Amino acid sequence: MVAQRCIPQGLGSLAAPFERRGDELSRDWAIQTLQRLAEVTRSSVIVEPVIGPAHVVREVQQLVRGAREQIVLVCPFLTEAGLQSVLPYLEDPKRVAKTFVIHGIDDAVDAAAGAPSSRIAGLSHVVLDLDHGSKAHAKIAIQDANSALVTTMNYLSSGGASPLFDVGVTLHGGGAVIDDLLLWASSVAAPAVAKKGAWRANDFVGARTSASSHSLPMLDVPGTFAALVEEVAGRLHGSGDRVDCRVFTQSVLVATEHALRSPDGDTKLLIQASEIATFIQRVVDDLEASHRASVEVVSTTSHRAFLFDALERAKDSVLVASHHIGRPSLGPNFRKTLRRALDRGVTVVLLWGEHSVQPRADARPGVPDPGDALISQLIADVEGTSGRLVVNRMPLGIHCKLLVLDRAATLVTSYDLLDFIDSHEYNRNELGLWIDSTRVASAMLGGLRDHIRGVHPEFARTLDGCLT
10 MVAQRCIPQG LGSLAAPFER RGDELSRDWA IQTLQRLAEV TRSSVIVEPV
60 IGPAHVVREV QQLVRGAREQ IVLVCPFLTE AGLQSVLPYL EDPKRVAKTF
110 VIHGIDDAVD AAAGAPSSRI AGLSHVVLDL DHGSKAHAKI AIQDANSALV
160 TTMNYLSSGG ASPLFDVGVT LHGGGAVIDD LLLWASSVAA PAVAKKGAWR
210 ANDFVGARTS ASSHSLPMLD VPGTFAALVE EVAGRLHGSG DRVDCRVFTQ
260 SVLVATEHAL RSPDGDTKLL IQASEIATFI QRVVDDLEAS HRASVEVVST
310 TSHRAFLFDA LERAKDSVLV ASHHIGRPSL GPNFRKTLRR ALDRGVTVVL
360 LWGEHSVQPR ADARPGVPDP GDALISQLIA DVEGTSGRLV VNRMPLGIHC
410 KLLVLDRAAT LVTSYDLLDF IDSHEYNRNE LGLWIDSTRV ASAMLGGLRD
460 HIRGVHPEFA RTLDGCLT
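First residue of the sequence shown? That's 10 in our numbering, and the numbers climb one at a time after it.
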């Protein structure tokens, strides 16, 4: 079954419903479109990419050190080595900020964490999930209600010198997305943790940093412009769908230029259409330049739908990076959706770090595994398409979980997109962020390529050829 459309419409895919309403599509619709633009602008936050394990650890340290009221650390595993990066701040006798540590998938997973757990559990300001009741596989850190890190790295069990490649993003400026992260962490925290800390996420509202605002132009849009907009929208996606803002504005500009060359074109109206489209594009570009982006939290059950939706919507490319690759995630539904994307000429890149199918004890980055029937069968199943499928046959030493759509939007998550457990018994709490920013997408792709150049230069050149 094809997944329902779920990818949010943010800054890079800023959109309003382009529904066919005949002659009623006019000035009111245009005003609503720009009001939606203003709303997304105001709800955006400052987003910075975090590339590599050392960078992730530095960001965690800064968040822990700078917390004034509370720091919430969510990470599946806890080890002595992982704690070393934050212990100096947690053991500071002057520290007053409450520290919540939510970790553990089940008792067996963290059986070896007893010593490090006891070391911080005795600190008066630390509330620790000793029962591992959260079943959290997410990796996030939330400082007060103003800043957060969402990463793919198990930062409380892996040090900055980890050989596995991980990424993340930091969010600054408060806003709804930080509240959503706090509420998510509160919902998965073991009851003992919530009770012991009397933790209510809404108590920590913090200071808000409002997004830069853009004044909206005065609009007097006649039916002629509405008809032009409707025509372009219809050509792009058809009735009742949503239109990508970048594609929409470019298409309106192209249509405007074409109409201006026509002898019967209404120059005044078409110039107005061009100005409105240019305005929308300028707002999107200005937000990118100020490192702001539209961000949405993605919970456990939504990830698979995001993957399918990206393959259905892609116009140019989809990159999926996963720690593991496994047979359940590459089943018939995935292959059908993949083939449809390739039939449209889309480039699809699937990257994995370690093999979960018939694992080899001697598997290591850069060493081919020619016996991999799973990947060979996947490639054979999509032969004859007009697109391009690129998938590595050797471990690449990546732990990150990423989805990059058309080099313009990114999903950074804890969810293994290419090795999920297709069962109602899947009980890990996962979390990701959908970031609508070409700048962030470019940073993620660049970081991946740099890592792979050091592991397998020849395969890195293949990536350069299909993602540039």
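Ideal placement from N, C-alpha and C gives every residue a C-beta, glycine not left out.
As the structure is a prediction and not an experimental result, all values here were calculated from the model.
Supposed close pair residue 452, residue 461 - CB separation, criterion 8 angstroms: Working through the sequence shown from its first residue, we reach residue 452 at position 443. Working through the sequence shown from its first residue, we reach residue 461 at position 452. The Cβ separation is near 15 angstroms, so there is no contact.
Contact check, residue 64 vs residue 84, beta carbons under 8 angstroms:
Locating residue 64 in the sequence shown gives position 55, where the first residue counts as 1. Locating residue 84 in the sequence shown gives position 75, where the first residue counts as 1. Cβ distance not < 8 angstroms, so residue 64 and residue 84 don't count as in contact.
Would you mind listing the beta strand (DSSP E) stretches within the segment 429–469 that are 3+ residues and don't spill past its ends, in chain order? 440–445
| query | Helix, strand or coil: how does DSSP classify residue 308 here? | reply | For the purposes of this step, residue 308 is taken as the residue at position 299 of the sequence shown. Three-state result, residue 308: strand.
Problem - Proximal residues to residue 328 (C-beta, below 6 angstroms), its chain only, five neighbours per side dropped - result: Here residue 328 refers to the residue found at position 319 of the sequence shown. Excluding sequence neighbours, residue 328 sits near 358, 413.
Let me confirm a value: residue 424 is counted as buried when at least 16 other C-beta atoms fall within 10 Å, else exposed. Which label applies? Position 415 of the sequence shown, counting from 1, holds the residue named residue 424. Residue 424 should be labelled buried.
Residues bridged to residue 112 [DSSP beta-bridge criterion] = For the purposes of this step, residue 112 is taken as residue 103 along the sequence shown, with counting starting at 1. Residue 112 pairs with 84.
Query - Within 8 angstroms, strictly: CB atoms of residue 407 and residue 465 - result: Position 398 of the sequence shown, counting from 1, holds the residue named residue 407. Position 456 of the sequence shown, counting from 1, holds the residue named residue 465. Cβ atoms of residue 407 and residue 465: not closer than 8 angstroms.
Among the residues of its own chain, which have a CB less than 6 angstroms from the CB of residue 355, if the five just before and after it don't count?
Here residue 355 corresponds to residue number 346 of the sequence shown, with the count starting at 1. For residue 355, where only same-chain residues beyond five positions count, the Cβ hits under 6 angstroms are 323, 396.
Quiz item: Are there 16 or more other CB atoms within 10 angstroms of the CB of residue 1, so buried, or fewer, so exposed?
Solution: With the chain covering 10 to 477 only, the question about residue 1 has no answer from this structure.
Check your understanding: From the DSSP output, which residues share a beta bridge with residue 193?
Key -> Along the sequence shown, read from residue 1 onward, the residue named residue 193 stands at position 184. In the DSSP output, where bridge partners are listed per residue, residue 193 has none listed.
Worksheet entry | Length of the line joining the Cα atoms of residue 382 and residue 294 | Your numbering for residue 382 matches position 373 in the sequence shown. Your numbering for residue 294 matches position 285 in the sequence shown. Answer to the nearest angstrom: the Cα atoms are 45 angstroms apart.
Next item on the list: Express the C-alpha separation of residue 133 and residue 337 in angstroms, rounding to a whole number.
Entry: In the sequence shown, counting from the first residue as 1, residue 337 sits at position 328. In the sequence shown, counting from the first residue as 1, residue 133 sits at position 124. About 45 angstroms.
For residue 145, three-class secondary structure by DSSP: Walking along the sequence shown from the start, residue 145 turns up at place 136. Note: residue 145 maps to strand in three-state DSSP.
message = If contacts are defined as beta-carbon pairs under 8 angstroms, then residue 151 and residue 187 qualify, I think. What distance do you get, rounded to the angstrom?
response = The residue you call residue 151 lines up with position 142 of the sequence shown. The residue you call residue 187 lines up with position 178 of the sequence shown. Yes, residue 151 and residue 187 are in contact; Cβ-Cβ is about 7 angstroms, under 8 angstroms.
Going by Cα to Cα distance, which pick from 312, 155, 471 is closest to residue 428? Against the sequence shown, residue 428 aligns to sequence position 419. Comparing Cα-Cα distances from residue 428 to each of 312, 155, 471, the minimum goes to 312.
Considering just the uninterrupted stretch of the beta strand (DSSP E) at residue 63, what are its terminal residues? On the sequence shown, residue 63 is found 54 positions in, with the first residue counted as 1. Per DSSP, residue 63 belongs to no beta strand (DSSP E); it is in the alpha helix (DSSP H), 62–75.
Q) DSSP on residue 6, reduced to helix/strand/coil? A) Nothing about residue 6 can be reported from this structure: the residues present for the chain run from 10 to 477 only.
Notebook entry, point to check: Do residue 473 and residue 416 have their C-beta atoms within less than 8 angstroms of each other?
Noted result: Here residue 473 corresponds to residue number 464 of the sequence shown, with the count starting at 1. Here residue 416 corresponds to residue number 407 of the sequence shown, with the count starting at 1. In this structure, residue 416 does not lie closer than 8 angstroms to residue 473 by Cβ.
Could you check how far apart the C-beta atoms of residue 456 and residue 66 are, in whole angstroms? I think they sit under 8 angstroms. As a first step, residue 456 must be located in the sequence shown, where it is residue number 447. As a first step, residue 66 must be located in the sequence shown, where it is residue number 57. About 15 angstroms separates the two Cβ atoms, so there is no contact after all.
Item to complete: Compare the C-beta of residue 108 with all C-beta atoms of chain C and state if any pair is closer than 8 angstroms.
Response: The structure shown contains no chain C; it holds only a single protein chain.
Measure the Cβ-Cβ separation of residue 296 and residue 53 and say whether it is below 8 angstroms. On the sequence shown, residue 296 is found 287 positions in, with the first residue counted as 1. On the sequence shown, residue 53 is found 44 positions in, with the first residue counted as 1. Yes, they are a contact pair.
Status (buried if at least 16 other CB within 10 Å, exposed otherwise) for residue 298: Position 289 of the sequence shown, counted from the start, is the residue given in the question as residue 298. Residue 298 should be labelled exposed.
Residue 359 by DSSP, collapsed to three states: which one?
Here residue 359 is taken as the residue at index 350 of the sequence shown, counted from 1. Strand, per DSSP.
### Message
Relative to the C-alpha of residue 93, which candidate in 170, 59, 317 has its C-alpha closest?
### Response
Looking up residue 93 in the sequence shown gives position 84. Residue 170 is the option with its Cα nearest to residue 93.
**Prompt:** At what residues does the alpha helix (DSSP H) containing residue 91 begin and finish?
**Reply:** Looking up residue 91 in the sequence shown gives position 82. From DSSP, the alpha helix (DSSP H) with residue 91 extends over 89–92.
Length of the line joining the Cα atoms of residue 158 and residue 393
To locate residue 158, count along the sequence shown from 1; it is residue 149. To locate residue 393, count along the sequence shown from 1; it is residue 384. Taking the straight line joining both Cα atoms gives about 42 angstroms.
Next item on the list: Under 8 angstroms Cβ to Cβ from residue 390, same chain only, skipping five residues before and after it: list those, please.
Entry: Translated into the one-based positions of the sequence shown, residue 390 becomes position 381. Answer for residue 390: 344, 348, listed in chain order.
> According to the Cβ coordinates, are residue 80 and residue 304 closer than 8 angstroms?
Replying inline: Numbered from 1 along the sequence shown, position 71 holds the residue referred to as residue 80. Numbered from 1 along the sequence shown, position 295 holds the residue referred to as residue 304. It is not a contact, given that the beta carbons lie outside the stated cut-off.
| request: Report the rounded CA-to-CA distance for residue 314 versus residue 387, giving the unit in angstroms. | output: Within the sequence shown, residue 314 is the residue found at index 305, counting from 1. Within the sequence shown, residue 387 is the residue found at index 378, counting from 1. Computed Cα separation, rounded: 20 angstroms.
| said: Under DSSP, the beta strand (DSSP E) around residue 414 begins and ends at which residues? | reply: Stepping through the sequence shown from its first residue, residue 414 is reached at position 405. Per DSSP, residue 414 belongs to the beta strand (DSSP E) from 410–414.
Query raised in the report: Per DSSP, residue 151 forms a beta bridge with which residues?
Result: Here residue 151 is taken as the residue at index 142 of the sequence shown, counted from 1. According to DSSP, residue 151 bridges with 81, 157.
message: On the criterion of 16 or more Cβ atoms from any shown chain inside 10 Å, does residue 247 qualify as buried, or is it exposed?
response: In the sequence shown, the residue the question calls residue 247 occupies position 238. Here residue 247 scores only 49 on pLDDT, less than 50, and its place in the model should not be relied on; the value that follows carries that caveat. Answer is exposed; the Cβ neighbour count stays below 16.
Using DSSP with H/G/I as helix, E/B as strand and the rest coil, what is residue 471? Position 462 of the sequence shown, counted from the first residue, corresponds to residue 471. Helix at residue 471.
Open item on the list: Can you tell me whether residue 310 is buried or exposed? The criterion is at least 16 other CB atoms within 10 Å of its CB, across all chains shown.
Closed with: What you label residue 310 is simply residue 301 of the sequence shown in a count that begins at 1. Per the 10 Å Cβ criterion, exposed.
Which of the three DSSP states, helix, strand or coil, is assigned to residue 58?
In the sequence shown, counting from the first residue as 1, residue 58 sits at position 49. The answer is strand: DSSP assigns residue 58 an E or B state.
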